[in-house]
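These notes are about the structure you will find just below.
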Amino acid sequence: MPESPLWLVMQGRLGDARRVLNKTSNSLEEAHGTATYLKYPNAPKATTYGGN
């Protein structure tokens, strides 16, 4: 069974978690956001607003 990104983060292996997420995410931005969330799950989420 491969190591999950969450398990890797919990072991202090954020770089390895990001490598897995880079391979499995739709974009690098999504991978970075997921890695950040896994490391800091209680941090406020960034919000972007479209429009004029």
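Numbering-wise, full-length UniProt numbering puts 27 at position 27 of the sequence shown, and it's gapless, one number per residue.
The C-beta atom is built at its ideal place from N, Cα and C for all residues, glycine as well.
This structure is a prediction, so every number in the text was calculated from the model and none was measured.
If lysine 45 sits next to valine 9, beta carbons under 8 Å apart, how far is it from one beta carbon to the other, in whole angstroms?
With 8 Å as the limit, lysine 45 and valine 9 do not qualify as a contact, their Cβ atoms being about 17 Å apart.
Between tryptophan 7 and leucine 14, what straight-line distance do the alpha-carbon atoms span, to the nearest angstrom?
Using only the alpha carbons, I get a separation of about 10 Å.
Answer with buried or exposed for proline 41, where buried requires no fewer than 16 other C-beta atoms within 10 angstroms of its C-beta.
Its Cβ having fewer than 16 others within 10 Å, proline 41 is exposed.
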